[in-house]
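Number of protein chains: 2
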Amino acid sequence: MTTDSLEITPRTRLRRLHPRGHHDRATIDAILDATPMCHVGYVIDGKPAVTPTFHWRRGDRVYWHGSSASRALRAAEGAEVCLTVSLLDGLVLARSGFHHSANYRSAMIFGRAEKVDDPGEKTAKLRDFIEGLYPGRWEELRPMNAQELKATTVLSLPIEEASAKVRTGPPIDDEADYALPIWAGVLPIRHATDTPDSDPRNLADLTPPSSLGTLQIG
Amino acid sequence: MTTDSLEITPRTRLRRLHPRGHHDRATIDAILDATPMCHVGYVIDGKPAVTPTFHWRRGDRVYWHGSSASRALRAAEGAEVCLTVSLLDGLVLARSGFHHSANYRSAMIFGRAEKVDDPGEKTAKLRDFIEGLYPGRWEELRPMNAQELKATTVLSLPIEEASAKVRTGPPIDDEADYALPIWAGVLPIRHATDTPDSDPRNLADLTPPSSLGTLQIG
Numbered sequence: 000m001t002t003d004s005l006e007i008t009p010r011t012r013l014r015r016l017h018p019r020g021h022h023d024r025a026t027i028d029a030i031l032d033a034t035p036m037c038h039v040g041y042v043i044d045g046k047p048a049v050t051p052t053f054h055w056r057r058g059d060r061v062y063w064h065g066s067s068a069s070r071a072l073r074a075a076e077g078a079e080v081c082l083t084v085s086l087l088d089g090l091v092l093a094r095s096g097f098h099h100s101a102n103y104r105s106a107m108i109f110g111r112a113e114k115v116d117d118p119g120e121k122t123a124k125l126r127d128f129i130e131g132l133y134p135g136r137w138e139e140l141r142p143m144n145a146q147e148l149k150a151t152t153v154l155s156l157p158i159e160e161a162s163a164k165v166r167t168g169p170p171i172d173d174e175a176d177y178a179l180p181i182w183a184g185v186l187p188i189r190h191a192t193d194t195p196d197s198d199p200r201n202l203a204d205l206t207p208p209s210s211l212g213t214l215q216i217g
Numbered sequence: 000m001t002t003d004s005l006e007i008t009p010r011t012r013l014r015r016l017h018p019r020g021h022h023d024r025a026t027i028d029a030i031l032d033a034t035p036m037c038h039v040g041y042v043i044d045g046k047p048a049v050t051p052t053f054h055w056r057r058g059d060r061v062y063w064h065g066s067s068a069s070r071a072l073r074a075a076e077g078a079e080v081c082l083t084v085s086l087l088d089g090l091v092l093a094r095s096g097f098h099h100s101a102n103y104r105s106a107m108i109f110g111r112a113e114k115v116d117d118p119g120e121k122t123a124k125l126r127d128f129i130e131g132l133y134p135g136r137w138e139e140l141r142p143m144n145a146q147e148l149k150a151t152t153v154l155s156l157p158i159e160e161a162s163a164k165v166r167t168g169p170p171i172d173d174e175a176d177y178a179l180p181i182w183a184g185v186l187p188i189r190h191a192t193d194t195p196d197s198d199p200r201n202l203a204d205l206t207p208p209s210s211l212g213t214l215q216i217g
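See below:
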């Protein structure tokens with residue numbers, strides 16, 4: 000866990016609702032590590048596009064990957080991107096429509112996406128990705144071959160220009176509205192995992208990796 | 000449910016993995032309607048930014064809202080945006096790292112964000128938002144006042160230039176790898192709601208709206 004606080008820039012300054020804003024690495028890293036899913040924004044022909052993908056963090060950088068033929072990855076490589084990770088933790092019901100809200104955690108990282116070129120480093124990063132989700136699995140798998148490595152692009156961003164926003168707790172209503180006979184509160188939301196569905200083509204007597212039993216998202 | 004299929008444009012053509020791609024309104028609308036959470040991408044000073052927010056659909060348009068002072072909303076108004084909705088349905092474990100994947104549903108809508116200016120229409124859209132999540136709640140709430148209406152910006156996009164991607168089912172491995180003694184399968188993921196947390200400041204004898212008991216995300 001890093002206790003650094005990042006430098007605040009014009010695009011990471013949280014101008015509204017600033018009590019919800021954070022720039023410390025511990026808060027940002029915890030959000031990045033809580034789910035594999037992120038949304039990467041990039042610009043094509045001056046227009047924005049937002050693609051969902053998986054990311055993983057290693058130290059001071061966040062990584063994502065995809066097919067080397069992917070339009071999204073080719074547009075992002077060497078270009079300014081924004082990688083956003085968001086978790087919806089609850090629906091917040093207030094006594095007025097205006098104060099309805101959501102409990103959430105989100106992190107935004109801005110910067111220029113860099114491609115991981117070195118094959119050894121790329122392999123190590125892909126191993127980190129698999130091992131981060133499923134500890135022990137990399138060694139169980141059929142090894143990656145040269146063609147697969149070539150067909151995969153890994154991009155990364157430094158966690159330097161970044162911010163987080165977090166909302167927790169009950170609704171914040173106008174003081175006068177607390178006297179109204181209107182139920183208010185929070186409907187908690189979380190990610191749940193179900194029992195693994197084994198591939199019908201599995202060989203006999205195989206059991207799911209034990210890591211799936213403890214895998215948590217959120 | 001609309002059975003229209005949208006015109007395919009260069010940015011909604013799905014060039015890779017096209018069997019996962021859809022351009023019919025029924026598929027797109029079902030994804031938009033399955034969760035309130037989306038990510039809106041916009042461009043500030045030539046650089047992308049991606050903000051999580053809530054959206055709702057009404058007919059052929061998708062809407063989102065926020066503070067009239069919001070940097071994200073002011074950047075989006077009248078400008079090109081990309082609104083993406085994504086649901087993670089499962090982690091797909093294959094027999095090689097390369098074929099690990101995710102089951103998901105995502106929809107991307109491109110276009111120029113339009114502000115809802117007319118106060119009556121804006122009120123109606125905000126009502127749609129609350130009622131879409133919590134049927135019956137709008138009438139229970141302290142009514143919206145003029146100051147709140149003014150402080151809220153509602154933006155919308157037509158569902159015209161849009162596409163969806165959906166992956167379901169087990170891993171697709173290289174044929175030779177099916178002979179390997181490696182467990183493969185899917186870890187299903189879903190959104191779960193927990194028991195509502197009542198606001199400690201609620202008046203006595205209030206109970207949560209019955210709509211929360213049937214609210215589903217995903």
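Heads up: the sequence lines are chains A and B, in that order.
Just so you know, we're using numbering that gives the first Met the number 0 here: the first sequence kicks off at 0 and counts up by one.
Just so you know, we're using numbering that gives the first Met the number 0 here: the second sequence kicks off at 0 and counts up by one.
Note that beta-carbon positions come from the ideal geometry of N, C-alpha and C, so glycine has one too.
A quick note: this is a predicted structure, and the numbers were derived from the prediction, not measured.
Exercise for the section: Just the chain A side, please: which residues come within less than 9 Å of Ala48 of chain B by C-beta, in chain order? Expected result: Arg10, Gly40, Pro47, Cys81, Thr83, Met107 and Phe109
Practice task
Following the continuous beta strand (DSSP E) through Phe109 of chain B, name the residue where it begins and the one where it ends.
Solution key: Ser100 to Arg111
Practice task
Look at the Cβ atom of Ile188 of chain A, then the Cβ atom of His54 of chain B, and state whether they are nearer than 8 Å.
Solution key: no
Handout entry: Completely contained alpha helix (DSSP H) runs for the region 66-152 of chain B, where each covers 4 or more residues
Key = 70-75, 118-132, 136-139 and 145-149
Problem - Residue environment, Pro199 of chain A, which counts as buried when at least 16 other CB atoms sit within 10 Å - result: exposed
Exercise for the section: Kindly indicate the opening and closing residues of the beta strand (DSSP E) around Arg56 of chain A. Expected result: Lys46 to Arg57
Exercise for the section: Could you check if Thr52 of chain A is buried or exposed, using at least 16 other CB atoms within 10 Å of its CB as the buried criterion? Expected result: buried
Problem - Own chain residues within Cβ distance below 8 Å of Tyr133 of chain B, not counting five before or after - result: Pro208, Ser210, Leu211 and Leu214
Practice task
Give every residue of the same chain whose Cβ lies closer than 7 Å to the Cβ of Met36 of chain B, excluding the five residues on either side of it in the sequence, and list them in chain order.
Solution key: Pro51 and Phe53
Exercise for the section: Tell me, please, whether the CB atom of Glu6 of chain A is closer than 8 Å to any CB atom in chain B? Expected result: no
Problem - Glu160 of chain A, DSSP secondary structure in three states - result: strand
Problem - Cβ shell of Ser4 of chain A (< 6 Å), same chain only, five flanking positions each side left out - result: His22 and Asp23
Problem - Assigned exposure category for Arg136 of chain A - 16 Cβ within 10 Å defines buried - result: buried
Problem - Beta-bridge pairing of Asp23 of chain B - partner residues as DSSP gives them - result: B:Ser4
Exercise for the section: Count the other CB atoms, across all protein chains shown, that sit within 10 Å of the CB of Pro195 of chain A; report buried if there are 16 or more and exposed otherwise. Expected result: buried
Handout entry: 8 Å Cβ cutoff met for Ile181 of chain A and Arg94 of chain A
Key = yes
Exercise for the section: For the region 46-77 of chain B, enumerate the residues whose C-beta is nearer than 8 Å to any C-beta of chain A, in chain order. Expected result: Lys46, Pro47, Ala48, Val49, Thr50, Pro51, Phe53, Ser66, Ala68, Ser69 and Arg70
Exercise for the section: Have a look at Arg19 of chain A and Tyr103 of chain A and give me their C-alpha separation to the nearest angstrom. Expected result: 10 Å
Problem - chain A contacts from the region 186-207 of chain B (Cβ-Cβ distance under 8 Å) - result: Leu186, Pro187, Ile188, Arg189, His190, Ala191, Thr192, Asp193, Thr194, Pro195, Asp196, Ser197, Asp198, Pro199, Arg200, Asn201, Leu202, Leu205, Thr206 and Pro207
Problem - Cβ of Ser209 of chain B within 8 Å of any chain A Cβ - result: no
Practice task
Just the C-alpha distance for Asp176 of chain A and Asn201 of chain B, rounded to the nearest angstrom, thanks.
Solution key: 10 Å
Practice task
Show which residues of chain A have a CB atom less than 9 Å away from the CB atom of Asp127 of chain B.
Solution key: Residues of chain A passing the Cβ test: none, with the nearest at roughly 11 Å.
Handout entry: Contacting residues, own chain, Cβ-Cβ under 6 Å from Glu113 of chain A (five flanking each side not counted)
Key = Ser155
Handout entry: Integer-rounded CB distance, given that Gly65 of chain A should sit under 8 Å from Leu152 of chain A
Key = Correcting the residue type first, residue 152 of chain A is Thr in the shown sequence and not Leu. Indeed, because the Cβ distance is near 6 Å, the residues count as touching under 8 Å.
Problem - Ala191 of chain A in three-state terms, based on DSSP - result: strand
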